[in-house]
Amino acid sequence: MKNLFRAVRLVAQYRWSVVMATLCSLLIALTWGSNLAAVYPFVEVIFDGQTVSSWSAQQTEQLKTELAELGDPAESEGPAAADAELAPQSNVALTDPAQLETAARREAISQRLRLHEAAQPWIDAYAPTTPFGTLAAVVAFVISMTVVRCVLLGMNMVLVTRVSQGVVFRLQNELFRSLLSSDLAELNRHGTGALASRVNYETTHIGSTVQTLIGRMLREPLKLATCVAGAAMVNWRLLIVSLLVCPAAMFVLMRINQSIKQTTLRAMEGSAGLMNQLVQSLTYVKAIKSHNTEAPERRAVRETAAKLYQQQVRITWYDALLRGNNEVLGTGVVCLSLLAGGYLVLGEQTHIFGIRMSGSQMTFSTLVLFYGLLLGATDPLRKLGGVHMNIRLGALAADRLYAHLDCPRKIEEPKNPRALPAGPVDLSFQKVSFGYRSDQTVLDEISVDIQAGEHIAIVGANGSGKSTMMDLLPRFYDPRDGEVLLDGVSLKEYSVRDLRRYVTVVSQQAALFDDTIAKNIAYGCGSVDPERIRQAAEQSHALEFIEALPNGFDTTIGEHGNQLSGGQRQRLTLARAILRDSPLIVLDEATSQIDPESERLIHEALETFLQGRTALMITHRLSTLTLADRIIVMEQGKITATGTHDELIHASEAYRTLHQKQEVGIKSIAA
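And the structure:
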């Protein structure tokens, strides 16, 4: 629950909305109770053929008679004299229980008598003078209170929704900001679908809980309290008897609560897992179709969905038990009061089993009013049936959400970052070791010095650590051991944002968004002159196919750029790199999806573009190797050889093997 309270504290941002919603809830409770209290004049006054004035006068006389029956010697002199006489009587009552009870009854009757006598002039002046007029006034009162309550309820719901959705908005933004700043290792551990589920599913549950807490949880208890307070004013002893079923209902509630937590947590995890499977399947739908694996994918999703279905049914069963428990509680309260109250009225009694239940004999009208108030209390009690489940869901969602928000970041910003140089500088890997897991070694004491402006090609078999080595430059990860130095300074001493502006990475997977071509090329560059975008596209040899599109640079290319070919996507990412104009360029198989003619043209563009920049190129293509001043050969996380192409052909068996495979591949394509 601690994390749920952290989320609820965001409500403070909307304090005035909460205050207004609370005021509306209070007024709703008062109008609810006043409508229920209107049953009394229906039964006691109107259907007895009286007006409010005659009924009040009759009540005044009856109260005086009751005072006289209690043996009050000062009754004939009025209530004031009765009050004066009460003090010495009370002194005696301290040692005589019977006289104490008589004195208490006399005081209660005296208060009611004073109230009637004070109200009588106002009633005579303004109350209707006929029974039907009184009926019309009561009906008008009930209708007006109902309209007022509906208006207040609408205002309350709008205010509560504004607050709850505001909390969702803030949590979603905070979580998304946290996800974008998280370490890649942490993001990869969870999966895309699970993280998307947290942004949507968990925050929605928390918003629903906030809406419940400041809406139903505030409004319904106030209505309940109004009805219970009204019933207590009618007969508090009878109310206590009616509430004897509450301990049993609370015991059942606690037992059900023990079964809810684990089931709800498993349902949340199952929902995140299902989302992950769906995102993965839809992302790689082409691979699924090409491998004829639709059936296994459907089966995997169906199995996960079936488990989630069973968990949701179980949660609904617990919810039904909670609601049923509240229904039984409400019915039990009314039934107990029906038995006890019926016995008092029908038998004209004031005691049950020798215990006083009423100061004076209850009438049919007061009993109907008591029942009406208790029945009015069952409606908010019923609406509170799902509150516990909702709060539990919100608490679990908050635990999952804040587990990520509170996760420490391994990639930390320096407190006093160093300023990055404006142009290319020396780069050095000094005994760098790294593994994605503690029991894994991907890079094993890598050491290499790269001079400013030098062009380095990195070759090696798949899994040799080439891409991992490059991922250390923009600090996607930090080395486990050793240091990466830029201009003789550890990368950890530079601002992460500045460092990632200094380094541009062009990977084999083209990172394109469902937006226009112009915005994809200018992505991350801020506001850019359209002419510069055009020049970058021309330099990457993308201009020709762009201008052939119906809307040119304003053409939307779809999710992942799926409306373009692989080579076209690759040329757009190269255009983006050219526009960024960074001093350090990383090309990770960046020309792997380009046709030979485009490759020749891009090779010419790169020869010009890479001048005056430090370039690290992961490649197996012979054309790209010619751009390199030096080639690094990697095997199983180690650098095994460095040199030029001619030197490595003679000195490195691994390089010679890779080169031969590349030549065989080119010959087979040509054939």
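Numbering-wise (UniProt numbering), the sequence shown opens with residue 1 and increments by one.
Ideal placement from N, C-alpha and C gives every residue a C-beta, glycine not left out.
Small disclaimer: the values here were computed from a predicted structure and weren't measured.
Residue i versus residue j: straight-line alpha-carbon distance, rounded
| i | j | result |
| --- | --- | --- |
| Val199 | Glu303 | 24 Å |
| Val45 | Thr366 | 12 Å |
| Gly482 | Phe476 | 16 Å |
| Ser438 | Pro408 | 17 Å |
| Val142 | Ala272 | 49 Å |
| Ser507 | Ile639 | 21 Å |
| Ser495 | Leu627 | 31 Å |
| Val138 | Gly359 | 28 Å |
| Leu485 | Leu420 | 12 Å |
| His560 | Ala518 | 15 Å |
| Arg189 | His404 | 12 Å |
| Ala21 | Phe364 | 38 Å |
| Leu473 | Glu647 | 27 Å |
| Val301 | Ala194 | 14 Å |
| Arg177 | Asp406 | 13 Å |
| Leu171 | Tyr309 | 27 Å |
| Arg356 | Leu63 | 20 Å |
| Leu348 | Thr146 | The sequence as given places Glu at residue 348; Leu does not occur at that position. Whole-angstrom Cα-Cα distance: 36 Å. |
| Ile585 | Met155 | 58 Å |
| Ala38 | Arg106 | 28 Å |
| His603 | Gln277 | 40 Å |
| Phe429 | Thr203 | 43 Å |
| Ser565 | Val503 | 27 Å |
| Gln535 | Arg497 | 26 Å |
Burial state of residue i, where buried means 16 or more other Cβ atoms lie within 10 Å
| i | result |
| --- | --- |
| His351 | exposed |
| Asn462 | exposed |
| Asn173 | exposed |
| Asn292 | exposed |
| Met470 | buried |
| Pro41 | buried |
| Thr468 | buried |
| Tyr14 | buried |
| Gly465 | buried |
| Ile240 | exposed |
| Phe169 | exposed |
| Arg9 | exposed |
| Glu589 | buried |
| Gln111 | exposed |
Beta-carbon proximity list for residue i, same chain, < 7 Å, skipping 5 on both sides
| i | result |
| --- | --- |
| Cys525 | Leu579, Arg580 |
| Tyr436 | Ala185, Val442 |
| Val18 | Val11, Val163, Ile214 |
| Gly552 | Ile546 |
Cut-off 8 Å between Cβ atoms - residues of its own chain near residue i, not counting five sequence neighbours on either side
| i | result |
| --- | --- |
| Met157 | Gly215 |
| Ile315 | Ile260, Thr263, Thr264, Ala267, Met389 |
| Ala196 | Met275, Val279 |
| Gly342 | Leu367 |
| Ile288 | Ser281, Glu294, Glu297 |
| Gly330 | Ala377, Thr378, Leu381, Arg382 |
| Leu253 | Leu322, Asn325, His388 |
Residue closest to residue i, alpha-carbon to alpha-carbon, out of the options
| i | options | result |
| --- | --- | --- |
| Asp319 | Ile260, Ser490, Ala548 | Ile260 |
| Met1 | Ile632, Glu297, Ile458, Gly394 | Gly394 |
| Thr608 | His455, His560, Asn235, Thr468 | His455 |
| Gln563 | Leu308, Phe545, Leu152 | Phe545 |
| Thr614 | Leu26, Met362, Ala548, Val505 | Val505 |
| Gly423 | Ser464, Ser56, Pro583 | Pro583 |
| Trp55 | Leu36, Asn3, Arg9, Ala119 | Ala119 |
| Leu23 | Ala57, Leu222, Val328, Leu648 | Leu222 |
| Arg6 | Val167, Gly453, Ile411, Lys661 | Val167 |
| Ile391 | Gly207, Ala136, Ser527 | Gly207 |
| His205 | Leu401, Arg500, Leu601, Lys661 | Leu401 |
| Gln636 | Arg576, Leu549, Gln440 | Gln440 |
| Asp478 | Trp122, Ala136, Ile411 | Ile411 |
Contacts around residue i, its chain only, beta-carbon distance under 6 Å, and the 5 residues preceding and following it disregarded
| i | result |
| --- | --- |
| Glu445 | Lys431, Ser433 |
| Leu658 | Val459 |
| Gln89 | Residue placement at Gln89 is flagged as unreliable, the pLDDT there being 45, under the threshold of 50; a coordinate-derived value is accordingly withheld. |
| Pro414 | Glu493 |
| Ile450 | Leu427, Ile456 |
Any non-hydrogen atom of the ligand NAP within 7 Å of residue i CB
| i | result |
| --- | --- |
| Thr31 | No copy of the ligand NAP occurs in the structure displayed, which carries no ligand at all. |
Spell out a yes or no on whether the segment 606-619 and the segment 644-654 are touching, meaning 3 or more CB-CB pairs, one atom from each, closer than 8 Å.
no
The segment 22-34 in contact with the segment 177-185 per 3-pair CB rule at 8 Å
no
Can you confirm whether the segment 331-342 touches the segment 361-378 when touching is taken to mean that 3 or more C-beta pairs between the two stretches lie within less than 8 Å?
yes
Given 8 Å, three or more beta-carbon pairs between the segment 47-54 and the segment 125-140:
yes
Is the segment 536-550 touching the segment 559-577 in the sense that three or more CB pairs, one from each, lie closer than 8 Å?
yes
Would you call the segment 7-21 in contact with the segment 147-166, where contact means no fewer than 3 C-beta pairs closer than 8 Å?
yes
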